[in-house]
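Data block below; observations after.
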Amino acid sequence: MKYCILTAGLAVAACSIAQPALAATGNVTFNGTVAAICTLVVTNGSGTMTVSPDLQSLSSHNAGGVAGTITATTTGNVAISIGAPTAITVPPADVTPITWAPTYSVAGAHTVAETGASSNLSTPGVDTVTVHLTGTKTGSDIFAAGNYSATVTVTCQ
């Protein structure tokens, strides 16, 4: 009888060793969202305005003037725009009205001709945004001697 019990115990042990473990699997699903974004990096934040020969235009477009530049990197589906100049300073001797007109153009992944209006950048890419500022006088008014400055803000959203 001892022999029968021992044999039955070995048979149970042999069966538990011989069976392979059951395999288990699981899936992991990944999702991601990239929002429509635009980053701006100022590459030349010091534009220069020069006066025209008739002293009625002070502009980065005039001979010797220098535009400001910004690098825009976007995922697409954003709008780029330019704001009215702020922090305007004029010399005390200049007392007649000045009309300020900021403009910009875009070159690179997108092409936007010089404008002052908002523009859509529908596809991803990297662009150079060239920013100009012009101040004008009308009639017989002219720019007075002294330092002029203004800040133009470019927005991409």
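In terms of mature numbering (1 follows the signal peptide of the UniProt record, and there is no 0), the sequence shown is residues -23 to -1, 1 to 134.
Beta carbons are placed, not taken as given, at the ideal position from N, Cα and C, and that holds for glycine.
Every value quoted in this text rests on a predicted model; they were computed, and no experiment measured them.
Cβ-based burial, residue i [other Cβ within 10 Å; buried from 16]
| i | result |
| --- | --- |
| I14 | exposed |
| N124 | exposed |
| F120 | buried |
| G60 | exposed |
| G42 | buried |
| G45 | buried |
| V72 | exposed |
DSSP three-state assignment for residue i, whether helix, strand or coil
| i | result |
| --- | --- |
| G102 | strand |
| I14 | coil |
| L(-2) | coil |
| S58 | strand |
| G9 | coil |
| L35 | strand |
| N4 | coil |
| T48 | strand |
| A40 | coil |
Among the options, the one whose alpha carbon lies nearest that of residue i
| i | options | result |
| --- | --- | --- |
| T25 | L17, V18, S34 | S34 |
| P62 | Q134, S126, Q(-5), P(-4) | S126 |
| G85 | V106, S29, S23, Q134 | V106 |
| I65 | T111, T51, P30 | T111 |
| V108 | T100, K114, A70, A94 | A94 |
| D31 | N4, V131, T128, D118 | D118 |
| S99 | T50, G22, V5 | T50 |
| S36 | T80, T130, G60 | T80 |
| S58 | G22, T92, S23 | T92 |
| L17 | S82, H87, K114, I47 | I47 |
| A70 | N21, P(-4), A122, W77 | A122 |
| S78 | H87, N97, T113, V72 | For clarity, residue 78 is Ala in the given sequence; the question names Ser instead. For A78, the nearest C-alpha among the options comes from T113. |
| A12 | G3, S82, V55, L(-2) | V55 |
| G83 | N97, S29, N39 | Note that residue 83 is Val in the sequence shown here, rather than Gly. Closest by alpha carbon: N97. |
Problem - Segments assigned beta strand (DSSP E), at least 3 residues, entirely inside the segment 68 to 130 - result: With a minimum length of 3 residues, the continuous beta strand (DSSP E) runs that stay inside the segment 68 to 130 are 76 to 85, 89 to 92, 96 to 98, 102 to 113, 126 to 128.
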